[in-house]
Structures are given as C-alpha cells and as structure tokens.
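**Student:** Pasting a structure here, questions to come.
In our numbering, the protein residues as written are 424 to 559.
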C-alpha cells in the first residue's frame, strides 16, 4: 500500500503526495507550504480532501492515497490507490472540457461545471496504483 504516512509531502519532481486511505480516524494537516501555495489535507478511510490556498482541489469518497499529484496549466496528473472503487472530484477551470485517461485508457472527454469541478469514477479495488491524467 502506498499510504502517505505523513499525510502530505513534497516529491523530488515538484509534485505532492497526500492522503492515507488506511486510517480509521480522521486526520488533517493545515498550512502545508509548497512552491508558494498553502495546502490543507483531511483524510481517513471514508474520505480524502485537499484544498489549495483555501480553494477546493481534490476529493475522493471513499478515502484514497494520492501520489505525484501534479497540477499544470492544462490539467492534472497523479497516481491514486484505495481499498475500494472511488468517486473522485477534481477542481479545475470553470466550464471547460478535458480529456481523461485512466491507466493509459481513454475515458473520454468530460466537462467541468460552473464551479470548475470534474467528477470521475476509478476502479481501485485490487488494482494497486492507478494513473489518472486529465488535460485540455
């Protein structure tokens, strides 16, 4: 399992890893500074949530562990792991269209709502780490 024991950490490539889907009780880290931004993570078995500068960035139900979360101007990519299939919501640009790939397979084009949220389901049960790529 790739749970992030410290709940959030910097990676050598400039990305962040966060979340611990194995925790039975809620845990959080606030004011984690990375490249000029402040992050807050809340995580446990049933939910993982990430905020960046007080704004929504990521949420999964049930909880997940996220590795190499890399935000770019045209999207986001990360590895995700969990004990069971998850509904993941990502904060992106408002009312925009994105290409979504899950483990290299095309999952189609999806649109964000007016709040910039894009939701997708990822099959995680027994899958190990699953790569998610979202780009314009």
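Ideal Cβ positions, reconstructed from N, Cα and C, are used throughout, including at glycine.
Starting from residue 474 and walking both ways along the beta strand (DSSP E), at which residues does that stretch end?
**Tutor:** 470-475 is the span of the beta strand (DSSP E), which, as asked, contains residue 474.
**Student:** Restricting to Cα atoms, I'd like to know which of 531, 537, 491, 517 is closest to residue 426.
**Tutor:** Minimum Cα distance to residue 426 is reached at 491.
**Student:** Since residue 553 and residue 511 are thought to touch, with beta carbons under 8 Å apart, how far apart are those beta carbons, to the nearest angstrom?
**Tutor:** So it is not a contact: roughly 10 Å between Cβ atoms.
**Student:** Which term fits residue 483, buried or exposed, when burial requires 16 or more other beta carbons within 10 angstroms of its beta carbon?
**Tutor:** With 16 or more Cβ atoms within 10 Å of its Cβ, residue 483 is classed as buried.
**Student:** Shortest alpha-carbon distance to residue 473 belongs to which of 539, 440, 550?
**Tutor:** The residue with the shortest Cα to Cα distance from residue 473 is 440.
**Student:** Taking the alpha-carbon of residue 525 as reference, which of 453, 428, 504 has the nearest alpha-carbon?
**Tutor:** Ranking 453, 428, 504 by Cα distance to residue 525 puts 504 first.
**Student:** For residue 450, which residues from the same chain have a beta carbon less than 8 Å from its beta carbon, with the 5 sequence-adjacent residues on both sides left out?
**Tutor:** If we look at residue 450 and ignore the five residues flanking it on each side, its Cβ neighbours are 430, 443, 465, 466, 467.
**Student:** Taking the Cβ atom as the reference point for each residue, do residue 556 and residue 500 lie within a distance shorter than 9 Å?
**Tutor:** Contact flag set, yes.
**Student:** Would a C-beta distance cut-off of 9 Å place residue 535 and residue 509 closer than the cut-off?
**Tutor:** No, the Cβ-Cβ distance between residue 535 and residue 509 is not below 9 Å.
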